[in-house]
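Chains as they are written, first to last, in our numbering: chain A, 1 to 272; chain B, 273 to 638.
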C-alpha cells in the first residue's frame, strides 16, 4: 500500500516542489537567512515531518508553502502552481501552533468558518461540519465554545476546521507542541488513522524525534544559521503503526539517524 | 467577628449607653422611639456573650434611621444626644454592611440580588444622614436642600422635568450619540483601510477632541440654531473621537495567527473585517459606547447653557440657579444622574450579551 502511494506520486505533479529555495528576512540587525538552498519534493499521499532546533526554518518553510511568507530566491510550486495561486485556490488547510479558534463562535461555527468564507451553501456546511467533527472525534461538542474545551480538544477542533473544506494538502505547524505527552500520543495515533482514511498529503513541523519518526513516511532534518536541509530520511516503517512500534529496532534505527542528522548540523554547540 | 467589626460594635453600644444616659435630662415621653432605639443599642452589647446575627444589625440600623427621622422636630435646636443617636445609627449601618459584604464575598458572583443590597444600604444611609444633617442643623436650602424637599420637587414638577428630559435626552443626546458613535466607527474603518487617511484623519480627530466643549457649544448654536439640533451637534463632536480611537485600536486586537488563518482561506478584506476583526474589536467598541453614554449627556446639558428654547435640563439648571430655585436644580440633577446611569446600564447589559466570550465578561482565563 505504501508502494502504491509512492508509485502514483512518481507519475503525477509533485504536491510540493522546492528548487534552490531561499528566504532572507531583512531586520534592523541586518539580514537573517531563514532558508538557504532548500531542494525538496513532496508527493501525493506522503506524510512529511520537518524536524530541527528552533531557528532552522522549518516553520518558515511551511509558511512559505502556505504563501504566508514570500521566498526571496529559488522556485517553489504547489500542485505545479505558484504558492499564491494555490492559496487562492484553497489548496491546503493549515493548523497553527495555537488552536486560534474564535472565542465568539461555537466549535461547530468555528469549523464552518472556512466554509462560510468559501461560499458553501447551508446544507453543504452542515454536512461537512458533521463529517469532519466526526473525523476528529468531537461529535457532541458542536454547541460548546472553545474556552469550554481542553487544549487537546481545541487543537482537534482546529484540525477539523482545516479539514472541513477538504483540501488535499494539510500543513501542520507543531500542532501538539503545547500539549502534554499523554494527550500528544493519543492525538498522534488519531492523526495517523485520519491520514489513512483521508489519503491527504501532510506536512508536519515538530521538534520531537519520536513524534517525527512515528508519524512520517519521510523525515526532513533541518539545521539553523542558515536554515537548511541536512538530511532527508525515507521511513520504511509499515503503515499500520501501533504506539508500541516505538520500541522496535527499526524505529530506533530511524530515530538514531534523525538524531545523527540533527547533531551533524552541530547547532546545539553553537546555540547561545 | 473581625477586629473592625468588634470595634464598631463596641463603639455603637458604648455610644448608645452614653446617649441614653444623656437623654434622661429631657422629659420621658419626648422622642420615645429615639430613646427606645438607644436602649436597644445599649442592649446590643450582649453580643459579646450571645452572638447576634448580621440581620439584627440591619434591623438596628433601620430602626435607628426611622427613630432619627421621626424625632427630627422633637427638639429645636437638637440636643447633643440626638446627634449621638445619628452616629449610632450610622455605625449600625456600617457594621451591617461590613458583615454583609464579608459573608457575601464568596458567593457574590452567583447572587447578584443580594450583592445589590450593599450599595442600596450604603446609599440609603447616605440619604438619611443628608436629610438629618440638613434639617437638624438648619442648613439653608439654597446651599443644600434636604432629599425630602428634592423628592417633593421631583413629584411636583414631574411634567416640567419630563419635558426637559424629552428635549435633552430623547432629542439631543440619543441622535447625537447615534450619529457620533456611528460616524466614529465608519471613519475608524476608513482609517484602517487606507494608510493615507490614517496619517491625515487621526491627527484631525485628535485635534477635534482637544476643542473645549464650552468653546464649540456657542458656535454650534450659531450654525444649527437654538433648538436641539445644535445640542446634538455638540454631542456628535464629543462622542466621535473616543469611538474613533477605540475602534482603531480594537481593529488591531486580533492576533497574528487569527489573521494568518483568514489569509490561508484567501478571505477578502471585508470577510476578514466582519468575521474576525470587528468581533475582536467588540470589547473596545463597547468601551467607547460606555464612555460616550455619560459624555453625551454632559455635553448636551452644558450646550444648553449657551442658548436654547425655554425647555431642557441644562436650561432649567442655569435658570434655576439664577432664580434660587435650588430644589428644582437638584431635582434636575437627580433626573440627569438617573438617566445617565440607566443609559450606561443598558449599554453595559448589551455588552454582556454581545461580548459574552471575552474573559472579562465570562470571568475565565484568556
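The beta carbon of each residue, even a glycine, is placed where N, CA and C say it ideally should be. Quick caveat: nothing in here was measured; it's all calculated off a predicted structure.
Got a sec: is the Cβ-Cβ distance from residue i to anything in chain B below 7 Å?
| i | result |
| --- | --- |
| residue 128 (chain A) | no |
| residue 103 (chain A) | yes |
| residue 87 (chain A) | yes |
| residue 202 (chain A) | no |
| residue 117 (chain A) | yes |
| residue 253 (chain A) | no |
| residue 272 (chain A) | Here the model assigns residue 272 (chain A) a pLDDT of 41, short of 50, so the residue's position is not dependable and the matter cannot be decided. |
| residue 2 (chain A) | Confidence is the limiting factor: at residue 2 (chain A) the pLDDT is only 49, short of 50, which leaves the residue's position unreliable, though a coordinate-based value still follows. Answer no: the Cβ-Cβ gap between residue 2 (chain A) and chain B never drops below 7 Å. |
| residue 5 (chain A) | Bear in mind that the predicted position of residue 5 (chain A) carries a pLDDT of just 49, short of 50, making it unreliable; the figure below should be weighed with that in mind. Chain B contact via Cβ: absent. |
Note down, in chain order, every chain B residue with its Cβ under 9 Å from the Cβ of residue i.
| i | result |
| --- | --- |
| residue 68 (chain A) | 532, 535 and 536 |
Taking the alpha carbon of residue i as the point to measure from, which residue in the options has its own alpha carbon closest?
| i | options | result |
| --- | --- | --- |
| residue 63 (chain A) | A:214, A:126 and A:22 | A:22 |
| residue 592 (chain B) | B:584, B:601 and B:585 | B:601 |
| residue 394 (chain B) | B:366, B:509 and B:346 | B:366 |
| residue 159 (chain A) | A:37, A:91 and A:191 | A:191 |
| residue 433 (chain B) | B:584, B:536 and B:557 | B:584 |
| residue 287 (chain B) | B:607, B:311, B:305 and B:303 | B:311 |
| residue 181 (chain A) | A:89, A:117, A:211 and A:55 | A:211 |
| residue 407 (chain B) | B:441, B:485, B:308 and B:346 | B:346 |
| residue 512 (chain B) | B:538, B:375, B:494 and B:483 | B:483 |
| residue 436 (chain B) | B:625, B:325, B:586 and B:277 | B:586 |
| residue 108 (chain A) | A:179, A:230, A:56 and A:140 | A:140 |
| residue 100 (chain A) | A:40, A:152, A:58 and A:202 | A:152 |
| residue 265 (chain A) | A:167, A:256, A:111 and A:229 | A:229 |
| residue 57 (chain A) | A:242, A:178, A:117 and A:227 | A:227 |
| residue 599 (chain B) | B:412, B:469 and B:456 | B:412 |
| residue 258 (chain A) | A:247, A:241, A:245 and A:235 | A:235 |
| residue 519 (chain B) | B:399, B:309, B:330 and B:453 | B:453 |
| residue 325 (chain B) | B:466, B:449 and B:277 | B:277 |
| residue 167 (chain A) | A:92, A:118 and A:193 | A:92 |
| residue 401 (chain B) | B:340, B:580, B:449 and B:459 | B:340 |
Does residue i get closer than 7 Å to chain A when you measure Cβ to Cβ?
| i | result |
| --- | --- |
| residue 327 (chain B) | no |
| residue 434 (chain B) | no |
| residue 551 (chain B) | yes |
| residue 402 (chain B) | no |
| residue 629 (chain B) | yes |
| residue 543 (chain B) | yes |
Residue i touches chain B at which residues, Cβ-Cβ below 8 Å?
| i | result |
| --- | --- |
| residue 114 (chain A) | 537 |
| residue 90 (chain A) | 537 and 538 |
| residue 153 (chain A) | Simply none; closest approach about 15 Å. |
Along chain A, in chain order, which residues have C-beta atoms closer than 7 Å to that of residue i?
| i | result |
| --- | --- |
| residue 529 (chain B) | 96, 98 and 100 |
To the nearest whole angstrom, what separates the beta carbons of residue i and residue j, a pair I think is in contact under 8 Å?
| i | j | result |
| --- | --- | --- |
| residue 333 (chain B) | residue 357 (chain B) | Not really, about 12 Å apart at Cβ, beyond 8 Å. |
| residue 538 (chain B) | residue 88 (chain A) | 5 Å |
| residue 633 (chain B) | residue 571 (chain B) | Not quite, the Cβ-Cβ distance comes to about 28 Å (not below 8 Å), so this is no contact. |
Please list the partners that residue i has in chain B, where partner means a Cβ-to-Cβ separation under 7 Å.
| i | result |
| --- | --- |
| residue 145 (chain A) | 629 |
What does residue i reach in chain A if we use C-beta pairs closer than 8 Å?
| i | result |
| --- | --- |
| residue 334 (chain B) | Within 8 Å Cβ-Cβ: nothing; residue 334 (chain B) doesn't reach chain A, min ~44 Å. |
| residue 548 (chain B) | 102 |
Using a Cβ cut-off of 7 Å (strictly closer), state whether residue i contacts chain D.
| i | result |
| --- | --- |
| residue 23 (chain A) | Looking for chain D here will not work: the only protein chains present are A and B. |
For the 8 Å Cβ check, are there 3 or more pairs between the stretch 495-505 of chain B and the stretch 436-448 of chain B?
-> With the rule of 3 Cβ pairs closer than 8 Å, the stretch 495-505 of chain B counts as touching the stretch 436-448 of chain B.
Any contact of the stretch 413-423 of chain B with the stretch 466-486 of chain B, i.e. 3+ C-beta pairs under 8 Å?
-> The stretch 413-423 of chain B and the stretch 466-486 of chain B do not touch, with fewer than 3 CB-CB distances between them shorter than 8 Å.
Taking 8 Å as the threshold, find out whether the stretch 536-550 of chain B comes into contact with the stretch 561-578 of chain B through three or more Cβ pairs.
-> Under the Cβ criterion (8 Å, minimum of three pairs), the stretch 536-550 of chain B does not count as touching the stretch 561-578 of chain B.
The stretch 35-53 of chain A / the stretch 212-228 of chain A touching (three or more Cβ pairs under 8 Å) | Under the three-pair Cβ rule at 8 Å, the stretch 35-53 of chain A counts as touching the stretch 212-228 of chain A.
Tell me, please, whether the stretch 77-84 of chain A touches the stretch 11-19 of chain A by the rule of three or more beta-carbon pairs shorter than 8 Å.
-> Yes: at least three Cβ pairs fall under 8 Å.
Examine the Cβ distances between the stretch 126-135 of chain A and the stretch 103-117 of chain A and report whether three or more of them are shorter than 8 Å.
-> The stretch 103-117 of chain A and the stretch 126-135 of chain A touch, with three or more beta-carbon pairs separated by less than 8 Å.
Does the count of Cβ pairs from the stretch 242-257 of chain A and the stretch 281-296 of chain B closer than 8 Å reach three?
-> In short, these stretches do not touch, since the Cβ pair count stays below three.
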